[in-house]
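Student: For what it's worth, UniProt numbering labels the leading residue of the sequence shown as 1, then goes sequentially.
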Amino acid sequence: MEDGEAIDEDRGRLPFNAEDVIRVIPLDDVLEGRENLDDIIADANNLDGGLETDGADEGTSTAYDEDSVDEVNEDEAKITIQAHQKDVFCVDCFEDHWMASGGEDDCAVLFDLHKNFGESLRKRCEMDEPSELEWLEWHRSVDILFAGAHDGVIWMWLIGTDGVSQTKDCCYYSSVLQEGMPLAMLADH
């Protein structure tokens, strides 16, 4: 294959020229470290001073269809995230330590569950210069959170014991591809 030739999309490859790739960040397909949010909440409720719940169906999750989501009362929530001004559209956890949430207020917020589970959840950091947030995705095996916006801005948080380092870049396309594939970013620099 010659340089600049499009990679064959039918063979499961990326549908753009190899020379257009600025950076490839591997997201290996190992789900090590990934935890279920319901399990984390149930564990927190077993701790002294855990999260407040309504007392019904503790440790279980309730499936809602799209029609009944509007009927859910605030007091039925298992956990409340007060850092967002509007509805939260995604919540994802990494290990039993980190939780990220994305909201319709175009904010992505990272929470340190070890420091804040005994009290109300408080944000550890959030995006600077927010734009219309579209997705959040954890790296599969290390403490790195990615977020992408409709205007091509992509953020990356490197999370360490001493703090969180936030990086952002602009590109005209960003997406988390299928399982085992890398994070794709195309930039027009």
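Quick reminder that beta carbons are idealized off the backbone N, C-alpha and C, glycines included.
Using only CA atoms, which one of Val153, Trp157, Glu132 and Trp135 lies nearest to isoleucine 144?
Tutor: The option with the nearest alpha carbon to isoleucine 144 is Trp157.
Student: Return the CA-CA distance between histidine 150 and tryptophan 98, expressed in angstroms with no decimal places.
Tutor: Computed Cα separation, rounded: 25 angstroms.
Student: Can you have a look at valine 109 and say buried or exposed, based on whether 16 or more other CB atoms are within 10 angstroms of its CB?
Tutor: Result: buried.
Student: Determine the closest residue to phenylalanine 89 out of His139, Asp96 and Asp105, with distance taken between C-alpha atoms.
Tutor: Among His139, Asp96 and Asp105, the Cα nearest to that of phenylalanine 89 is on Asp105.
Student: Leaving out the 5 sequence neighbours to the left and right, which residues in its chain are closer than 6 angstroms to alanine 100 when beta-carbon positions are compared?
Tutor: Answer for alanine 100: Asp92, Leu110, Leu136 and Leu145, listed in chain order.
Student: DSSP has valine 91 in a bridge; who is on the other side?
Tutor: Valine 91 pairs with Ser101.
Student: Excluding five sequence neighbours on each side, which residues of the same chain lie with their C-beta closer than 6 angstroms to the C-beta of isoleucine 159?
Tutor: Here the set comprises Asp143.
Student: Along the chain, where does the beta strand (DSSP E) containing aspartate 96 start, and where does it finish?
Tutor: Neither: aspartate 96 is in no beta strand (DSSP E) and is coded neither H nor E.
Student: Following the continuous beta strand (DSSP E) through glutamate 137, name the residue where it begins and the one where it ends.
Tutor: 133 to 138 is the extent of the beta strand (DSSP E) around glutamate 137.
Student: If you follow the beta strand (DSSP E) that valine 153 is part of, which residue opens it and which one closes it?
Tutor: Element bounds for valine 153: 153 to 160.
Student: Quick check: what's the CA-CA separation for glycine 148 versus tryptophan 155?
Tutor: Straight-line Cα distance between these residues: approximately 6 angstroms.
Student: Report buried or exposed for histidine 114, applying the criterion of at least 16 other Cβ atoms within 10 angstroms of its Cβ.
Tutor: Classification for histidine 114: exposed.
Student: Figure out for me which residue from Gln85, His84 and Gly102 has the closest Cα to the Cα of tryptophan 138.
Tutor: Minimum Cα distance to tryptophan 138 is reached at Gly102.
Student: Taking residue 209 as part of the beta strand (DSSP E), name the residues at either end of that continuous run.
Tutor: There is simply no residue 209 to check, as the chain begins at 1 and stops at 189 in what is shown.
Student: Tell me which residues share the same chain as lysine 86 and place their Cβ nearer than 7 angstroms to its Cβ, disregarding the 5 neighbours each side in the sequence.
Tutor: Same-chain partners within the cutoff: Gly103, Glu104 and Asp105.
Student: Which same chain residues, not among the five before or five after glutamate 132, have their C-beta less than 6 angstroms away from its C-beta?
Tutor: Cβ within range, chain order: Asp106, Ala149 and His150.
Student: Spell out the partners DSSP gives alanine 147 in its beta bridges.
Tutor: Looking at the DSSP assignment, alanine 147 forms a beta bridge with Leu136 and Trp155.
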